[in-house]
Structure formats: structure tokens, C-alpha cells
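The structure under discussion appears below in the form of C-alpha cells.
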Amino acid sequence: MPSTHDWINNPLGVVEGMFASGWEAKAVEFFKDKLKEKDARTWVPSLNDVPLHYLKPNSLVKFRCFIQDMFDPEFYMGVYETVDPATKAKVMRFGRYKDVIECGVEFNSRNTVTAERQTFYCVPVPGENPWVKEISFISQARVVPSTSYMPARQKRSYEEDDEDMEDMDTQSQKQRETDAGPQSSSEQHGNGDCKRQETEAPSSQTASASHLDLNFPLPGERGPSCLVKVYDGWDSFKLNDMLEVFGVLSVSPALSALANERDASSSMLDPTECMETAEEQRVHSPPASLVPRLHMVYVQPLAHINPLLPVASLEDNSAFLSSTLSEMSAVRAELLSYFTHILLGDALAAEYLVLHLISNVYSRRDVLPLGKFTLNVSGCPTVASYTQRLYQIIQQLVPSSHYLAMSLQNMNQMQLVPKKDYVANRLVSGALQLARNTSLFLDETQLEQGQLDTTGVRNVTALGNLISWQKVDYDFNYHQMEFPCNINVLIVSEGRSLLPSDCQIHLQSQVSPACMDDYLGGIHEHRQLNKFRIYLSVARRLDYSISDEMTKSVEEDFVDMRKDNPESISAEDLHRLLVLARLLSLSLGQTSLCRDTWLRAKHIDVQRRSRMEQQKHLNGNEP
């Protein structure tokens with residue numbers, strides 16, 4: 001039986017020992033069983049945590065990632081025969097999990113089997129927050145398998161390794177920061193993890209890195225990108241899926257040499273005779289030292305990336321679920337108090353913020369996404385970068401998020417919607433290509449007077465469609481392709497947002513701190529963050545139902561509310577109330593609606609609407 005050292009450090013040797021009839025399925029099952037053993041996953045080095053040049057080639061590694069693009073399937077030699085030039089002995093070899101075949105191939109052999117595999121272009125989960133990386137790295141570093149290849153020093157993360165290296169492409173990064181506009185300041189304040197777009201590489205690779213666009217969805221992102229080779233069941237994967245891939249790492253220098261040869265030969269060929277353009281070759285065959293290949297042996301689809309929760313479903317972890325549910329009410333009260341302080345003493349706004357952060361599209365009825373709860377918090381102070389401080393606090397609580405300053409420059413210049421590049425045959429990413437349950441923070445307080453150009457109008461329209469329908473229409477030049485999404489959108493503004501929302505609440509400050517900077521600075525440190533992180537993720541994932549009895553009660557309430565004034569409440573208002581009641585139930589750890597929670601939902605909605613009416617009269621027009 002292969003030891004831990006064998007199956008992690010020499011997976012190809014393990015597979016070779018199984019090379020016989022039906023060996024492919026046996027190999028997959030072997031690694032699947034191994035990774036189910038207790039703590040086995042923590043033994044496997046992670047591409048997210050360890051710089052590429054510290055990982056052993058052809059070893060088993062894992063990668064927590066996001067499918068940014070899917071390339072065309074490719075053919076490879078699944079089984080082939082080699083001939084020893086000295087002894088003329090023939091040996092059967094396998095090509096699965098490899099990019100480069102052995103020398104001495106007998107191309108005329110009848111035993112050759114051509115197979116097909118799919119290639120996914122994968123990047124780290126967009127907007128993954130620093131605390132996720134830190135906790136994942138700590139749990140990953142508990143056990144490090146011994147290998148002569150690993151350096152003597154302790155394994156270090158990308159963040160630590162970055163401190164020893166100069167930026168590889170300063171001009172390119174400065175341009176990106178200029179393009180991002182005020183967003184850069186938010187990264188300086190709270191998103192220190194997002195320093196630059198390029199992945200780490202030895203200094204000798206600087207020239208290659210400078211012209212290689214790693215195509216991350218968000219500006220300022222960094223970390224490894226990877227070509228993941230998939231051998232079985234690739235139809236079950238979709239663009240924008242989150243995965244944890246376990247596979248054989250391939251960084252063979254021969255891949256770069258082959259790519260250079262193709263570049264040289266294609267320049268001499270008639271363009272009509274060349275199947276791939278030079279641009280397509282560069283994109284699909286980047287240097288393996290910068291974009292490694294990962295040959296998938298096992299994959300775990302990820303419903304979330306919160307490292308404090310079990311990877312499997314909550315139902316499969318009854319002890320964890322039971323323990324968490326028993327504390328839900330207490331943690332909710334603490335979180336409500338925390339948010340009340342952050343929102344300058346406004347307890348009602350704090351309640352709505354909690355409900356927004358646990359909202360989730362749980363189903364779709366025709367084109368209508370059910371469960372979404374886009375919140376517009378208006379009346380936000382513009383002093384002391386209040387909105388950016390608010391984002392930093394939310395960033396500390398949710399696994400993935402993105403701050404988008406809706407300045408005129410950003411709206412007119414940023415590419416929010418992904419677009420197909422037919423010359424390079426790839427999907428050029430945009431800032432709205434995000435993973436499920438990402439918190440998108442739209443800062444409308446940054447919007448100044450001016451004119452939106454064609455790009456700006458298109459970007460604002462895309463944001464409106466995302467909010468209303470939870471979909472993004474990717475640009476394929478000759479047509480648009482609709483991609484459903486599940487993104488929590490929070491809009492902060494001075495007055496009413498120019499974007500649609502499911503609910504608007506006007507912030508009413510109950511405190512007037514003498515120094516806003518000191519006040520907000522004192523809030524940022526909180527010892528209960530892990531409790532809050534677990535609470536928000538669990539509440540979002542709970543099942544929910546309404547009994548027939550409660551359905552009938554809600555219907556009777558709706559009829560009663562319309563008796564005196566039919567215009568006082570519409571079907572749309574009822575839908576919002578039902579969403580509110582659902583979120584209120586889940587926030588309390590309740591998986592079904594009860595009468596008290598329904599009455600509480602009605603009460604806070606009346607409070608909110610009354611406040612909006614007061615604000616309308618104060619302003620003399622619609623807020």
C-alpha cells in the first residue's frame with residue numbers, strides 16, 4: 001500500500017503501479033479514498049498558500065479556485081508504446097495526468113489510444129478576503145509531508161513571500177490602480193491582500209510576466225492562475241463554479257519550449273493554414289512557470305469558502321449544526337449591537353444590514369430570482385471615508401467581497417461585463433464575473449456630477465440587471481449570453497440610489513462623535529469576529545419552509561391590510577414582507593415561519609416605511 005509520502009509526493013508512481021485494465025477508475029477511486037481519511041486534505045500542499053517555485057513538480061497539490069474560462073477540449077495520447085533504442089524492448093506507457101510523453105514513442109503502434117480532456121482556466125476566488133486566506137493557511141500548515149524538494153525554511157504564504165520581492169511590472173500596476181480610481185484607496189485602507197495582479201515568480205521570469213495578462217476578474221487581485229486538465233465528467237462543471245481541485249502539478253520547462261517553437265513556426269505559416277493565431281497560442285499555452293498545469297485526480301465542488309465551516313453540507317455535520325443553532329439568538333444579539341455601533345446608533349438599519357448579509361437566491365421562478373435582498377442604505381456620512389470604513393468591517397465578516405466606487409471615471413472606464421475575445425479565443429474577464437454569495441459593495445457617495453458615456457450607461461445598466469434579475473449578460477460580440485448569479489449587493493448613498501433595490505433605509509444617526517476617525521477606529525477591533533463569520537454563513541445556508549397554516553394566516557393578514565385602503569399594500573409589498581420574514585426567521589436560527597416572527601417582520605417594515613415618509617417630507621421630494 002503506498003505511503004503518504006508516495007501518494008502525495010509521487011502520485012504518478014502510484015498510478016503507474018495500477019496501470020492495467022480499468023486502471024483509470026481505480027486511480028481516481030484510490031485518491032478519493034485517501035483524501036477522505038482524517039486530516040488527509042491538510043497534508044496536501046496548497047497552490048493558494050505556497051509559492052509555485054517551492055512546490056515539487058509532479059507532486060499532488062490542491063487549489064481552491066474559480067473557473068474563469070473554459071477552453072476547447074484537446075486530444076492527448078492516453079496509452080502509447082515506447083521502444084528502447086538500445087535493447088529494442090517495447091513498454092506501454094500512459095499519458096493521463098501528464099503534459100509531456102516519454103522519449104522513444106512508437107507512433108505506428110496499433111496499441112496507441114488517443115483520448116480527450118478538457119482545460120479550465122482557473123484563478124483564485126475573486127474577492128476572497130484576507131481572513132479566509134489566513135485561516136486556511138494556518139489549518140494547512142499543521143502537517144507538512146517530508147520531501148527532499150521542499151526548502152529547509154518553513155513554508156510561507158504568497159503574502160509573506162511577496163515581502164521579499166519587488167513588483168514585477170510597476171508600470172502595469174500603476175495603470176491598473178489609475179483605472180480602478182478611488183477603489184485603490186479602499187484597498188489601501190482594508191484590502192491589503194490585493195496589492196497587484198501578477199502572480200509570484202522568480203526574478204528571471206520578470207520579462208515573461210510583464211506581458212502575460214492573468215485575466216483576473218477584479219483589479220489588483222493576485223495569486224496563482226492555473227490550467228486545470230479535466231479527464232472525467234467535465235460537463236458537470238460550469239463557468240464561475242468554485243472548486244477545490246486535487247491534482248498532479250505540471251511545470252515542465254518543455255511546455256514553454258514547445259510554445260516558443262509554435263510561435264516561431266506560426267509566424268512562417270500562411271495564416272489560412274494555421275489553426276491557431278499567435279495570440280491564441282500565448283493565451284492557451286502560457287509559460288508553465290507562471291501558469292502551471294494541474295491534472296485533476298479529484299475535485300470537491302465548493303458551496304462556500306468559509307474555512308470555519310465544514311466543506312460538506314450542514315445536514316452531514318449534525319453536531320456542528322446543532323451547536324451553532326443553539327447559539328444563533330445570542331450571536332445575533334451581539335452582531336446587532338456591533339452593527340448598531342457601526343451605523344452610528346441606528347438599531348433599525350443594523351437589523352436590515354444583518355438580514356441583507358444572510359440573503360441568498362434559493363430558487364428561481366421563471367426569470368424571477370427568489371430570496372435576493374439588495375439593500376440601499378441612504379443618508380450615509382461623507383466625512384472620514386465612512387463608507388470605506390463600513391466596507392472594511394463587512395470585509396472582515398464575509399468570505400468574499402468587492403468594493404466598487406461608483407465614480408464617474410470608474411463607470412466610464414471600467415469593464416464590468418466579461419467579453420469574448422475571438423482573436424485570442426478566450427473570455428476577457430470583467431468585475432461582475434464573481435463567485436456565488438460575493439458581497440458587492442457599491443459606493444454611490446463617490447459619484448460626482450458629469451456625463452455618463454456609452455460605456456458608463458452600459459455599466460450602470462449591467463448593475464441594474466444584476467440587482468433586479470441576478471444575472472449578467474456576457475458580451476459575445478454578435479450576441480449576449482445570460483449567466484445567472486447569486487451576488488449580495490449593498491448600495492450606500494447620500495440620497496436615494498439611482499440603481500434599483502429591494503429595500504431602502506435612510507440612516508438616522510443617534511450619535512455625533514467629536515472625531516469620526518477615532519470613533520470608527522475603535523470599532524474595527526472585535527474579538528467575536530469568528531462567531532459572526534460562522535453565524536452569517538450558517539444562516540444563509542439553512543433550509544426554510546412555511547406551513548400551510550402560516551400561509552393561510554399570511555393571506556388573511558394581507559386581505560385585512562387592504563380592507564381600509566387597497567393602495568396601502570401591493571403584491572410587491574407582500575413579496576418583500578415574505579422575504580423579510582424568511583430572513584428574520586433564519587437570522588434567529590428558525591427554519592420555518594412562526595406567527596411572532598411574521599408580526600416582527602411587519603413591525604420593522606412599518607418602522608422603515610414611516611421613516612422613509614418622514615425623510616420624504618423633510619426633503620420635500622422622494623428620497
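Under UniProt numbering, think of the first position of the sequence shown as 1, with each following residue one higher.
Ideal Cβ positions, reconstructed from N, Cα and C, are used throughout, including at glycine.
Going straight from the alpha carbon of residue i to that of residue j, what length do you get?
i: Asp235; j: Tyr76; result: 19 Å
i: Gly522; j: Gln528; result: 15 Å
i: Lys399; j: Arg41; result: Just to set this straight, residue 399 is Pro in the shown sequence, not Lys. Looking at the two C-alpha atoms, the distance is approximately 20 Å.
i: Leu499; j: Cys226; result: 36 Å
i: Ser587; j: Phe19; result: 53 Å
i: Ile505; j: Arg540; result: 22 Å
i: His617; j: Val428; result: 47 Å
i: Ala330; j: Ile534; result: 13 Å
i: Ile8; j: Val83; result: 30 Å
i: Gly22; j: Glu29; result: 11 Å
i: Leu536; j: Gly345; result: 21 Å
i: Gln508; j: Leu47; result: 46 Å
i: Met481; j: Met92; result: 45 Å
i: Thr454; j: Gln413; result: 10 Å
i: Met612; j: Tyr352; result: 14 Å
i: Gln446; j: Ser378; result: 13 Å
i: Arg600; j: Val383; result: 34 Å
i: Ser407; j: Gln451; result: 11 Å
i: Gln590; j: Trp598; result: 12 Å
i: Pro224; j: Val50; result: 10 Å
i: Lys471; j: Leu520; result: 35 Å
i: Gly233; j: Trp131; result: 33 Å
i: Arg458; j: Leu440; result: 18 Å
i: His284; j: Cys122; result: 12 Å
i: Lys133; j: Gln614; result: 44 Å
i: Asn425; j: Met70; result: 10 Å
i: Asn437; j: Val511; result: 32 Å
Between which two residues does the alpha helix (DSSP H) harbouring residue i extend?
i: Ala571; result: 571-587
i: Met612; result: 595-619
i: Ser136; result: 130-140
i: Asp33; result: 23-36
i: Arg222; result: Neither: Arg222 is in no alpha helix (DSSP H) and is coded neither H nor E.
i: Thr42; result: 40-43
i: Ala347; result: 347-357
Using DSSP with H/G/I as helix, E/B as strand and the rest coil, what is residue i?
i: Gly13; result: helix
i: Gly371; result: coil
i: Glu276; result: coil
i: Glu494; result: coil
i: Thr114; result: strand
i: Ala405; result: strand
i: His284; result: helix
i: Ile67; result: strand
i: Met434; result: Note that residue 434 is Leu in the sequence shown, not Met. Looking at Leu434 - three-state DSSP - the assignment turns out to be coil, as it is neither helix nor strand.
i: Lys229; result: strand
i: residue 651; result: Only positions 1 to 623 of the chain appear in this structure, which leaves residue 651 out of reach.
i: Val383; result: helix
i: Val428; result: strand
i: Ser323; result: helix
i: Phe216; result: coil
i: Thr119; result: strand
i: Leu60; result: strand
i: Ser592; result: strand
i: Ser289; result: coil
i: Ser46; result: strand
i: Leu390; result: helix
For residue i, report the span of its beta strand (DSSP E) as first-last.
i: Met411; result: Segment 408-413 is the alpha helix (DSSP H) holding Met411; no beta strand (DSSP E) there.
i: Thr82; result: 74-83
i: Tyr298; result: 293-301
i: Leu442; result: 439-443
i: Val248; result: 242-250
i: Val91; result: 90-94
i: Lys98; result: Looking at the DSSP string, Lys98 is not in any beta strand (DSSP E), and its letter there is neither H nor E.
i: Asp421; result: 419-421
i: residue 624; result: Not covered by the structure: residue 624. The range shown for the chain is 1 to 623.
i: Ser236; result: First-last for Ser236: undefined, no H or E at that position.
Quick test of your reading: residue i and residue j, contact by CB under 8 Å. State the CB separation rounded to the nearest angstrom.
i: Leu355; j: Leu578; result: 13 Å between Cβ atoms; not a contact.
i: Ser493; j: Ile467; result: About 13 Å; that fails the 8 Å criterion.
i: Met242; j: Leu302; result: 4 Å
i: Gly104; j: Gly78; result: The Cβ separation is near 18 Å, so there is no contact.
Which ranges would you report for the alpha helix (DSSP H) in the stretch 449-516 if only whole runs of at least 4 residues count? If you keep only unbroken alpha helix (DSSP H) runs of at least 4 residues inside the stretch 449-516, you get 454-469.
Ranges of the alpha helix (DSSP H) found wholly within the stretch 522-570, counting only runs of at least 4: Entirely contained in the stretch 522-570, the alpha helix (DSSP H) runs reaching 4 residues are, in chain order, 529-541, 548-564.
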